[in-house]
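>
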Amino acid sequence: MTTTTTKTYLQAISDGLREEMRRDGRVFLIGEDIGVYGGAFKVTQGFLQEFGEDRVIDSPLSETAIVGSCTGAALMGMRPVCEMQFSDFVSCAFDQLVTVAAKQHYRVGTPVPIVVRLPSGGGFSGGPFHSQNPEGFFAHCPGLKIACPATPADAKGLIVQAIRDPNPVLFFEHKHLYRRIKGEVPDGEHAVELGKARLHREGSDLSIITYGAMVYTAEEAAQLAEERDGTSVEIVDLRTVTPWDRQAVLESAAKTSKVIVLHEDTHTSGFGAEIAATIAEEAFEDLDGPVLRVTAPDTPVPFSPPLEKAFLPQTEDVLATIDKLASY
Amino acid sequence: MTTTTTKTYLQAISDGLREEMRRDGRVFLIGEDIGVYGGAFKVTQGFLQEFGEDRVIDSPLSETAIVGSCTGAALMGMRPVCEMQFSDFVSCAFDQLVTVAAKQHYRVGTPVPIVVRLPSGGGFSGGPFHSQNPEGFFAHCPGLKIACPATPADAKGLIVQAIRDPNPVLFFEHKHLYRRIKGEVPDGEHAVELGKARLHREGSDLSIITYGAMVYTAEEAAQLAEERDGTSVEIVDLRTVTPWDRQAVLESAAKTSKVIVLHEDTHTSGFGAEIAATIAEEAFEDLDGPVLRVTAPDTPVPFSPPLEKAFLPQTEDVLATIDKLASY
Amino acid sequence: MAVAREAAPVESAEEVREADLDREDLIQIYRNMLITRGIEERGHILYRQGKIPGSFYTGRGNEGAAVGVATAMRVDDVGAPIQRDMGVHVTRGTEPWRIFAQYMGRADGLSAGKDGNVHMADLRLGLIAMVSHLPAMLPVATGCALAFKLRREHRVAVGWCGDGAAARGDAHEAMNLAGVHHLPIVFIIDNNQYAYSTPNRLEYGVDHLADRAEAYGFEGVVVDGTDVLTVYREAHRAIEKARDGGGPTLLELVTLRMEGHAVHDDAFYVPRELLEAYGRKDPIERYRRWLKEQSILDEVAEDAMSADVKKLLNDAARRAEESASPEPEQTLQGVYAEPEELDTPHHR
Amino acid sequence: MAVAREAAPVESAEEVREADLDREDLIQIYRNMLITRGIEERGHILYRQGKIPGSFYTGRGNEGAAVGVATAMRVDDVGAPIQRDMGVHVTRGTEPWRIFAQYMGRADGLSAGKDGNVHMADLRLGLIAMVSHLPAMLPVATGCALAFKLRREHRVAVGWCGDGAAARGDAHEAMNLAGVHHLPIVFIIDNNQYAYSTPNRLEYGVDHLADRAEAYGFEGVVVDGTDVLTVYREAHRAIEKARDGGGPTLLELVTLRMEGHAVHDDAFYVPRELLEAYGRKDPIERYRRWLKEQSILDEVAEDAMSADVKKLLNDAARRAEESASPEPEQTLQGVYAEPEELDTPHHR
Ligand SMILES: Cc1ncc(C[n+]2csc(CCOP(=O)(O)OP(=O)(O)O)c2C)c(N)n1
Ligand SMILES: Cc1ncc(C[n+]2csc(CCOP(=O)(O)OP(=O)(O)O)c2C)c(N)n1
Ligand SMILES: [Mg+2]
Ligand SMILES: [Mg+2]
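Residue numbers (our numbering), protein chains in the order written: chain A, 92 to 419; chain B, 92 to 419; chain C, 12 to 359; chain D, 12 to 359.
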């Protein structure tokens, strides 16, 4: 029987990484300040001491070299896991990911099993460059996989599975969940399949499709809606954006006939557009109302608290959208 | 009265550029092989001779420096126009575009009037790196504008307007249209507003929303559908992806009640998802059928002709989708 | 094998005059350094008081480097300073109250609350606001220099970069382009020996970053960044050389980051002895001693200046605290520029 | 000021023996060069016959450089060659018929029709397929070297880059990382004096690209790339130095691109005299003369080899032409790898 322990989201990622490194000598870490300093968020604290300089590499400030060298090491049979200090900086490795890592297997059949860890998301005045959720850009790139865990258990299970996956995986870690969210995490080996959504909350009146930190915003709104007038909201946590669990989403849409898509990333061509378009295409006859999107607006992430609050999707925004759709 | 001349798409771009350079001494060009060689596609042939080395700069192979230096020159009051040799290489300037150029005005109020010319698109065995349509990635980035002309007249009018626009504009030139497509182009000054769609073909049974080279694929399919059984297909050519003409699209959707979204870019999180999601959200009650997307599949662009043919949306694919939707 | 020149320290007042500085300039330099440190010290207090959101960075130890370079720039030169270069903003005339307003995310901050901390600059003062992504502003500064060259203006661009950030491709592409076109640009590397927790030896494998200049076809100079006068002299030389068509120079200004990467970081990884050694080379204290030795500053003048700077910063902090936060509606404003905005002296 | 060493030419047979080449190796080198040129010449004909889709690139003039380096690699070394390095594929044992099949987009091509022309490699032969984006494979090659170092394997990675591509950030980041970690890698710059139409003087502002090595903490060497034996000797030294823990080396192999960028390009921008000068230094002809002088090759052997290579290529072209095109369904296959695929000797 699997035992569990209560852990923060951050601890869960850290444990997943550490356990996988103990299990598999091919796994190594590379990134800026991940060794001596233990990472900007301390996810790899103590790793240098346990695994040594060869497996925990403090790299130069070189996102292109970090990702590119992971690709090379992976082609030689290693299982590299790199960290972008903030997910925002992945823009500096865009070409290596989209051009090299994502396409190498299709082109010449050689797998590139790398993991890129990406502390992401806003909520603490990080400003335009320490708050973004860049998964939307990469969702458009065939050949990459993308995980966005919401719970500590999934954070552990998905980082482990990401390492084992034979493809490049972008692993988004929402910074606002790191120390704020605690949950039961299975002890010992625990892997969560990429591409399987989690039914976060069952409901019958409408569905919210979301992932990452917004799962909690959805949950708050759902609770308020229920308390207020008994509206029963279902929440589907995608867990991974690529591949994404179309079946779970379409089933929920068929069940409730009303769907809200929610993400913290910006609106236009965000992944929510793909979800909404797919539902509109494949569940057209199931729908009793339009698929509504609740997202950040099409702006950079502003710094000042009143602006950032207006930018980030809030519980009230979701609640208002629930009302709008419920009464449709 | 405006006179017109029959020109290729390529000539139209070339003329637009040349005329704007003659009108405005602040406009200069920078890119790889655009001077002595006249550009990989000869769009700037003769420019070095006419405008000299200062205004037609053969740069080193440095997409980051090309775009970044355009941003700097623009901040100093120039109107730089750079060329990526193939649009595929814009991945090497992703950070400069998305992080610097796109966000500088929002952050500190300084306009960045640059144009990035991007020869794009497939259809001649260019393979995974000389055939892409990367507009989908950039459509997700607030602060950038994106033009994708289909006709020679629009190619001229939009390159001129892109240069005059106070924002960074990505100007996609479909390589397959360069010499294949001819049309009437207004002589002399001619600018086309960014964000206004063009009704390419009027129809009443269903609408195809598209842009770029796919306008011609849509047209072929529409003609075939009409000849065959009188199905009347409307075609809306977006002309620009950012900003995009939501109103024109929603009006067409309201008129025909059935919409196909068509683009050459790959499927998941392509700009078609945004269009389809918006229609499904805002024209829900107008629709008599699901919004269907016809796009390339989620793979890199394959090289070998039978594979590339299977990859690119073909007239038959559009026709089959017309049939499916018409009989819905 | 080091190939860069190592700058000899400025010794005499004679040398200083040769470098175009009069008594007033020398005092102004001191004042700018005091204001620079004062802004950051006060900012740190405000931060601990919870009045500044986000994170907070200081450039303690870099005041001489930043003020020295900025003093050598002419009014129509432009620069793209980075996270340790508060002294550049101060020297170019940015009003301290607007910097505090920036820290606090107020509407009167240099980014009007859209961005925070050192991600700011006033283009009317010839400064370009950095992005976080380092050193993405080097290609941008290179483009400024390109514009000057194309227009045959006698202006110079200055681009800053950290020792850590010099590892990124943007640094290479910018320096290479500047070298090929012999552009009027000076590259400054603020080498404070660390990139966050990463020491120089894990950032690059060569003796001096200034050695790289050679590989781009221009001169590199290693300078003691704690010595404001030497920094000034070398920056002045390099900037005027660039202005006269002599092409780029790379100046590596060696200091030590005297505090953590940001104020959450206690910098446990920096050896005590190193901190102590550089503590003794504090750029402000060093320069103060020199001013006194040269009888440029006496007790009276010094006290007056301290009082004055204190008042300036008190007023500035108060004014910033009293200033308004941006309205939430501003969130949606300003993503795109309007055509009228191009109608400035720059853009005409 | 050039800082890189300029390699002295190999003069005597003695030196060649010192560099670990026996008579058989010397003949094999010649044969590989002939096959290399033969593949590209024949490819060009097939292209003009409309049998090869897309565009077509040749490496004429670079045969010695490519074969020389590849000959110096050991069987378990790995390399990431670029667009002028057909000789590397040939030397490592890629079957010519599969290269023709690659050109033609056939199912038996090295990329099974998914990619075209030189975007190919057989990882089982220790080669990594380039992407178009230059020089994106340098960081990748650096990662191979990192893996070797971490696993304490005595293997070396070789990363290729053009003179033009050396301007991009990827080159810098890769070399810097390799320098910091003293990785077992050799960087080769195929300096054929042009990047498409862009001459060296518009690509970089320094005498030799090899001068850059110094700025990353390792040695740079300028080598006459038309001289296969000198290339071999320098590559051999550098590779064995890397294997022995001596860290990276940068070899700049100077040649001239003897044809257009691709075959659509008549290279009008390359001065005639330059082409004539390098025509006289044709690497195959030069080496052929040397082999004859040294009596390693006589007329009879040469004729036999020519006939043999001709037959090889005839058969190869025929086999490729007869081979199947990929099925359209293949378009959707292979975007993602399956777990079983990691179950190779490499990946265990
Ligand atoms: C491209 C990029 N990657 C990572 C970071 C995160 N980061 C911010 S400052 C810093 C260290 C910078 O070191 P250095 O360039 O030496 O400047 P310093 O802070 O020491 O002045 C890092 C890693 C960043 N800003 N940009
Ligand atoms: C990042 C990038 N930008 C542009 C191109 C287009 N391009 C292909 S080859 C080439 C010239 C390359 O020159 P060099 O590196 O000297 O190699 P050579 O072709 O001369 O061998 C260019 C510009 C490219 N492949 N990659
Ligand atoms: Mg530093
Ligand atoms: Mg070349």
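Ideal placement from N, C-alpha and C gives every residue a C-beta, glycine not left out.
Which residues of chain B have a Cβ atom closer than 9 Å to the Cβ of residue 338 of chain C, listed in chain order?
Mapped onto the third sequence, residue 338 of chain C falls at position 327. What residue 338 of chain C touches in chain B: nothing, since even the nearest Cβ is about 15 Å away.
> Where residue 83 of chain B and residue 372 of chain B are concerned, what is the direct C-alpha to C-alpha distance, given to the nearest angstrom?
The requested residue 83 of chain B is not part of the displayed model; chain B covers only 92 to 419.
> Less than 7 Å between the CB of residue 223 of chain C and some heavy atom of ligand 3, yes or no?
Walking along the third sequence from the start, residue 223 of chain C turns up at place 212. No, since every heavy atom of ligand 3 falls outside the 7 Å radius drawn around the Cβ of residue 223 of chain C.
> Whose C-beta lies closer than 6 Å to the C-beta of residue 294 of chain A among residues of the same chain, with five residues either side of it excluded?
To locate residue 294 of chain A, count along the first sequence from 1; it is residue 203. Cβ neighbours of residue 294 of chain A beyond the five flanking positions: 323, 324, 325.
> State buried or exposed for residue 321 of chain C, treating a residue as buried only when at least 16 other CB atoms are found within 10 Å of its CB.
Counting from one through the third sequence, the residue named residue 321 of chain C turns up at place 310. Exposed: under 16 other Cβ atoms inside 10 Å.
> Is the region 183 to 190 of chain C close to the region 142 to 160 of chain B, with three or more CB pairs under 8 Å?
The region 183 to 190 of chain C is in contact with the region 142 to 160 of chain B.
> Along chain D, which residues have their Cβ under 7 Å away from the Cβ of residue 218 of chain B?
Mapped onto the second sequence, residue 218 of chain B falls at position 127. Those are 65, 126, 127, 130, listed as they occur along chain D.
> Under the rule that 16 or more other beta-carbon atoms within 10 Å means buried, what is residue 279 of chain D, buried or exposed?
Reading the fourth sequence from its first residue, position 268 is the one you call residue 279 of chain D. Residue 279 of chain D should be labelled exposed.
> On the criterion of 16 or more Cβ atoms from any shown chain inside 10 Å, does residue 97 of chain A qualify as buried, or is it exposed?
Numbered from 1 along the first sequence, position 6 holds the residue referred to as residue 97 of chain A. Per the 10 Å Cβ criterion, exposed.
> By how many angstroms is the C-alpha of residue 218 of chain C removed from the C-alpha of residue 12 of chain C?
On the third sequence, position 1 is the one that residue 12 of chain C refers to. On the third sequence, position 207 is the one that residue 218 of chain C refers to. Because residue 12 of chain C carries a pLDDT of 49, less than 50, the predicted location of this residue cannot be relied on, and the following value inherits that uncertainty. Near 7 Å, if we compare the C-alpha coordinates of residue 218 of chain C and residue 12 of chain C.
> If we count the other Cβ atoms within 10 Å of its Cβ and call it buried at 16 or more, is residue 355 of chain D buried or exposed?
In the fourth sequence, the residue the question calls residue 355 of chain D occupies position 344. Residue 355 of chain D should be labelled exposed.
> Do residue 90 of chain C and residue 21 of chain C have their C-beta atoms closer together than 8 Å?
In the third sequence, the residue the question calls residue 90 of chain C occupies position 79. In the third sequence, the residue the question calls residue 21 of chain C occupies position 10. Going by C-beta atoms, residue 90 of chain C is not nearer than 8 Å to residue 21 of chain C.
> Roughly how many angstroms separate the alpha carbons of residue 114 of chain B and residue 244 of chain C, rounded to a whole number?
Position 23 of the second sequence, counted from the start, is the residue given in the question as residue 114 of chain B. Position 233 of the third sequence, counted from the start, is the residue given in the question as residue 244 of chain C. Taking the straight line from one Cα to the other gives about 43 Å.
> For the alpha helix (DSSP H) that contains residue 80 of chain D, what are its first and last residues?
Looking up residue 80 of chain D in the fourth sequence gives position 69. From DSSP, the alpha helix (DSSP H) with residue 80 of chain D extends over 74 to 83.
> Provide the residue(s) that pair with residue 384 of chain B in DSSP beta bridges, ordered along the chain.
Position 293 of the second sequence, counting from 1, holds the residue named residue 384 of chain B. Bridge partners of residue 384 of chain B: B:352.
> Which residue comes first and which comes last in the alpha helix (DSSP H) that contains residue 55 of chain C?
The sequence position of residue 55 of chain C within the third sequence is 44, counting from 1. Per DSSP, residue 55 of chain C belongs to the alpha helix (DSSP H) from 34 to 59.
> Quick one: what's residue 209 of chain C bridged to in DSSP?
Numbered from 1 along the third sequence, position 198 holds the residue referred to as residue 209 of chain C. Paired residues: C:206.
> Could you please go through the chain and list the residues whose beta-carbon is closer than 7 Å to any non-hydrogen atom of ligand 3?
Those residues are C:173, C:174, C:175, C:201, C:202, C:203, C:204, C:205, C:206, C:268, given in chain order.
> In this structure, how does DSSP classify residue 117 of chain B when only helix, strand and coil are distinguished?
For the purposes of this step, residue 117 of chain B is taken as residue 26 along the second sequence, with counting starting at 1. Here residue 117 of chain B sits in coil by DSSP.
> Mark residue 129 of chain B as exposed unless 16 or more other C-beta atoms lie within 10 angstroms of its C-beta, in which case mark it buried.
Residue 129 of chain B sits at position 38 when you count from the first residue of the second sequence. It is buried - the Cβ of residue 129 of chain B has at least 16 other Cβ atoms within 10 Å.
> Whole angstroms are fine: how far does the CA of residue 222 of chain C sit from the CA of residue 36 of chain C?
Numbered from 1 along the third sequence, position 25 holds the residue referred to as residue 36 of chain C. Numbered from 1 along the third sequence, position 211 holds the residue referred to as residue 222 of chain C. The straight-line gap from Cα to Cα measures roughly 31 Å.
> Buried or exposed, going by whether 16 or more other CB atoms sit within 10 Å of the CB of residue 93 of chain A?
Counting from 1 along the first sequence, the entry for residue 93 of chain A is found at position 2. So residue 93 of chain A counts as exposed.
> Buried or exposed: which applies to residue 317 of chain D, given that a residue is buried once 16 or more other Cβ atoms fall within 10 Å of its Cβ?
As a first step, residue 317 of chain D must be located in the fourth sequence, where it is residue number 306. Classification of residue 317 of chain D: exposed, given that the 10 Å Cβ count is below 16.
> If I'm right that residue 238 of chain B touches residue 285 of chain B with Cβ under 8 Å, what's the distance once you round it to whole angstroms?
In the second sequence, counting from the first residue as 1, residue 238 of chain B sits at position 147. In the second sequence, counting from the first residue as 1, residue 285 of chain B sits at position 194. Residue 238 of chain B to residue 285 of chain B, Cβ: 6 Å. Contact.
> Quick check: is the beta carbon of residue 139 of chain D nearer than 8 Å to any beta carbon in chain A?
Position 128 of the fourth sequence, counted from the first residue, corresponds to residue 139 of chain D. Judged by the 8 Å Cβ criterion, residue 139 of chain D is in contact with chain A.
> Is there at least one non-hydrogen atom of ligand 1 closer than 7 Å to the beta-carbon of residue 145 of chain C?
The count along the third sequence starts at 1 and reaches residue 145 of chain C at position 134. Checking the Cβ of residue 145 of chain C against ligand 1 gives yes.
> I believe residue 333 of chain B touches residue 236 of chain B by the beta-carbon criterion, under 8 Å. Please report the beta-carbon distance rounded to the nearest angstrom.
Position 242 of the second sequence, counting from 1, holds the residue named residue 333 of chain B. Position 145 of the second sequence, counting from 1, holds the residue named residue 236 of chain B. Yes, residue 333 of chain B and residue 236 of chain B are in contact; Cβ-Cβ is about 5 Å, under 8 Å.
> Please check if any C-beta of chain B sits within less than 8 Å of the C-beta of residue 261 of chain D.
Counted from its first residue, the fourth sequence places residue 261 of chain D at position 250. No - not a single Cβ of chain B is within 8 Å of the one on residue 261 of chain D.
> Taking residue 260 of chain B as the reference, give the member of B:268, B:229, B:266, B:241 with the closest Cα.
In the second sequence, residue 260 of chain B corresponds to position 169, counting from 1. Among B:268, B:229, B:266, B:241, the Cα nearest to that of residue 260 of chain B belongs to B:229.
> In chain B, which residues lie less than 9 Å from residue 181 of chain C when you measure between Cβ atoms?
Position 170 of the third sequence, counted from the start, is the residue given in the question as residue 181 of chain C. Near residue 181 of chain C (Cβ distances below 9 Å), the residues of chain B are 155, 156, 159, 186, 187.
> Is the closest heavy atom of ligand 2 to the C-beta of residue 183 of chain B under 7 Å?
As a working note, residue 183 of chain B is residue 92 in the second sequence. Residue 183 of chain B: yes, Cβ under 7 Å from ligand 2.
> Out of D:314, D:228, D:96, D:17, state which residue places its alpha-carbon closest to the alpha-carbon of residue 75 of chain D.
Here residue 75 of chain D corresponds to residue number 64 of the fourth sequence, with the count starting at 1. Residue D:96 is the option with its Cα nearest to residue 75 of chain D.
> Return the first residue and the last residue of the beta strand (DSSP E) that residue 208 of chain B is part of.
The residue labelled residue 208 of chain B in the question sits at position 117 within the second sequence. Residue 208 of chain B -> beta strand (DSSP E) spans 206 to 211.
> Within the present structure, is the beta-carbon of residue 95 of chain D separated from the nearest heavy atom of ligand 2 by less than 7 Å?
Taking the first residue of the fourth sequence as position 1, residue 95 of chain D is located at position 84. Because some heavy atom of ligand 2 lies under 7 Å away, the Cβ of residue 95 of chain D counts as near it: yes.
> Taking the alpha carbon of residue 295 of chain D as the reference point, which residue from D:305, D:31, D:40 has its own alpha carbon closest?
Position 284 of the fourth sequence, counted from the first residue, corresponds to residue 295 of chain D. For residue 295 of chain D, the nearest C-alpha among the options comes from D:40.
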